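**Student:** Dropping the structure in here first, questions after.
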Amino acid sequence: MIVPWFREEDKTEPATPKRREEARSKGQVARSQELPSAFIILGSTLVLYFCGNYMCRQLVCFSKEIFMEAGRFSLNDVNFLKISILSIKTISYIMCPLFVTLVIIGFSGNCLQTGFLFTTYPIIPDISRINPINGIKRLFSMSSFIELIKSLFKLLLIGFVTYRTIKAELPYLSMLSTTSYYEVFVYTAKITLKLCLQVGLIMCILAIADYCYQRYEYEEGLKMTKQEVKEEYKEREGDPKIKARLRSMQRQLARRRMLQEVPTADVVITNPTLIAVALKYTYGEMPAPQVVAKGAGFLAEKIKQIAITHNIMIVENKWLAQILYRTVNVGDFIPPKLYQAVAEVLAYVYQIKGRRIAV
Numbered sequence: 001m002i003v004p005w006f007r008e009e010d011k012t013e014p015a016t017p018k019r020r021e022e023a024r025s026k027g028q029v030a031r032s033q034e035l036p037s038a039f040i041i042l043g044s045t046l047v048l049y050f051c052g053n054y055m056c057r058q059l060v061c062f063s064k065e066i067f068m069e070a071g072r073f074s075l076n077d078v079n080f081l082k083i084s085i086l087s088i089k090t091i092s093y094i095m096c097p098l099f100v101t102l103v104i105i106g107f108s109g110n111c112l113q114t115g116f117l118f119t120t121y122p123i124i125p126d127i128s129r130i131n132p133i134n135g136i137k138r139l140f141s142m143s144s145f146i147e148l149i150k151s152l153f154k155l156l157l158i159g160f161v162t163y164r165t166i167k168a169e170l171p172y173l174s175m176l177s178t179t180s181y182y183e184v185f186v187y188t189a190k191i192t193l194k195l196c197l198q199v200g201l202i203m204c205i206l207a208i209a210d211y212c213y214q215r216y217e218y219e220e221g222l223k224m225t226k227q228e229v230k231e232e233y234k235e236r237e238g239d240p241k242i243k244a245r246l247r248s249m250q251r252q253l254a255r256r257r258m259l260q261e262v263p264t265a266d267v268v269i270t271n272p273t274l275i276a277v278a279l280k281y282t283y284g285e286m287p288a289p290q291v292v293a294k295g296a297g298f299l300a301e302k303i304k305q306i307a308i309t310h311n312i313m314i315v316e317n318k319w320l321a322q323i324l325y326r327t328v329n330v331g332d333f334i335p336p337k338l339y340q341a342v343a344e345v346l347a348y349v350y351q352i353k354g355r356r357i358a359v
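Residues 1 to 359 in the working numbering are what the sequence shown spells out, letter by letter.
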């Protein structure tokens, strides 16, 4: 978890998704060490409460069987190994509910806080971790002081609960000397479970409070300065100035390529001063006339100059020039609704040039 040694005043911006993802990939997440421990204590107490009687009976039966059979065979290496293996298997089987519960609770206690997270970054060697100066800073940091206060408070609270519980049982403790060993064992087990249950509940409450605090510290530690947010935006989206420059260069390149196609046009239609559209049509090779260049203002004047230089006819048709400029992109063929109007213009051009066209 990120716990800053000091908090920069200018870090006022919430962390971006990229910053959060980078922190998570390094294992830096909001996590309380107290929560899994509290769950383990509470969970193991509940397992012993519900299954403790069964587990004790099984252990007693197994012990009786071992002692009853002890005089029937010689204690050599082979028999000792068999007894050891049998003991391990039996005890493992009896304690299995407790072990499985502890594993599940320990895993769930972490997953509930961070989700499933696997990273090797924390175990990567880092020389700064063994730097004595950094170690001294961590030792006397505010976070270490807060951890000390939390530990002392938890110790005092658990001690107080233990004291109250034992004090309440003092009248009964004096009568244990007159009871059997079994009753002493049962009574001690009940008191222990009661005490563990109370401690587990208290630790759960403290752990939830600690998680909220760790979450707050985590969010504060991830905060960014406005400059860091700007730099990340530039890194992700690109520098706006560079992007504008690239767009300008792309437009210039597209215009240059478009103007290079003007000499291949058959006619340039104008409106007459503001708009110019260059059309090209090759009968039998093209499905319809194609717009090879178009422009307004300065670009329109440039298209007309190139057309004059290459002896391309310029026809004034305000309505047709405007609709071609608005509706047809460079490189596209004209739509069917404009076939008749464009055919009339091309027929006029070819008639002037002494050519024939099928329309």
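Even glycine gets a Cβ: it sits at the ideal position worked out from N, Cα and C. Computed from a prediction, not measured in an experiment: that's the story for all the values here.
How big is the Cα-Cα spacing for W319 and A343?
**Tutor:** The straight-line gap from Cα to Cα measures roughly 15 Å.
**Student:** Taking only runs of the alpha helix (DSSP H) that begin and end inside the segment 156 to 239, which ones reach a length of at least 4 residues, in chain order?
**Tutor:** Correct list: 181 to 222, 226 to 237.
**Student:** Below 8 Å on the Cβ atoms is my guess for V292 versus L346; work out the distance and round it to an integer in Å.
**Tutor:** Wrong, their Cβ atoms sit about 14 Å apart, outside the cutoff.
**Student:** On a Cα-Cα basis, can you pick out the residue from Y339, R245, I269 that is closest to P289?
**Tutor:** Checking every option, the nearest Cα to that of P289 belongs to Y339.
**Student:** Considering only C-alpha positions, which residue in the set S144, P171, I202 is nearest to F160?
**Tutor:** For F160, the nearest C-alpha among the options comes from I202.
**Student:** Go ahead and label I88 buried or exposed: buried means 16 or more other beta carbons lie within 10 angstroms of its beta carbon, across all protein chains shown.
**Tutor:** When all chains shown are included, I88 counts as exposed.
**Student:** Do the segment 167 to 178 and the segment 204 to 224 meet, that is, are 3 or more Cβ pairs less than 8 Å apart?
**Tutor:** In short, these stretches do not touch, since the Cβ pair count stays below three.
**Student:** Could you check if P17 is buried or exposed, using at least 16 other CB atoms within 10 Å of its CB as the buried criterion?
**Tutor:** Exposed, by the Cβ-count rule.
**Student:** So what does DSSP say about A341, is it helix, strand or coil?
**Tutor:** DSSP places A341 in helix when its eight states are reduced to three.
**Student:** Between I275 and A296, which are expected to be in contact by the criterion C-beta below 8 Å, what is the C-beta distance as a whole number of angstroms?
**Tutor:** Right, their Cβ atoms sit about 5 Å apart.
**Student:** Is DSSP giving A15 helix, strand or coil here?
**Tutor:** It is coil, neither helix nor strand.
**Student:** Runs of 4 residues minimum, wholly inside the segment 290 to 317: which ones carry the alpha helix (DSSP H) assignment?
**Tutor:** If we require 4 residues or more, the alpha helix (DSSP H) runs fully inside the segment 290 to 317 come out as 298 to 309.
**Student:** Are I303 and P263 close, meaning C-beta to C-beta below 8 Å?
**Tutor:** No, the pair does not count as a contact, with Cβ atoms beyond the cut-off.
**Student:** With DSSP as the reference, identify every bridge partner of L279, one or two as the case may be.
**Tutor:** BP columns for L279 point to V267, V291.
**Student:** How would you call V29, buried or exposed, if buried means at least 16 neighbouring beta carbons within 10 angstroms?
**Tutor:** Buried: at least 16 other Cβ atoms inside 10 Å.
**Student:** Could you tell me the distance, in whole angstroms, from the CA atom of M68 to the CA atom of V60?
**Tutor:** If I take the Cα positions, the gap works out to 12 Å.
**Student:** Go through its chain and collect everything with a Cβ distance to M258's Cβ below 7 Å, but skip five positions before and after it.
**Tutor:** A293, V330, listed in sequence order.
**Student:** DSSP three-state label for F116, please.
**Tutor:** In this structure, F116 counts as coil in the three-state DSSP scheme.
**Student:** CA-CA distance, M286 and F333?
**Tutor:** Rounded to the nearest angstrom, the two C-alpha atoms are 9 Å apart.
**Student:** If you pair each beta-carbon of the segment 38 to 58 with each one of the segment 192 to 202, do three or more pairs fall below 8 Å?
**Tutor:** Yes, the segment 38 to 58 touches the segment 192 to 202.
**Student:** Return the chain-ordered list of same chain residues with a C-beta closer than 6 Å to the C-beta of Y211, the five sequence neighbours on each side being excluded.
**Tutor:** Once the five neighbours on either side are set aside, the close Cβ partners of Y211 are S32, L35.
**Student:** How about I208: is its C-beta nearer than 8 Å to some C-beta of chain D?
**Tutor:** Included in the structure is just one protein chain, with no chain D present.
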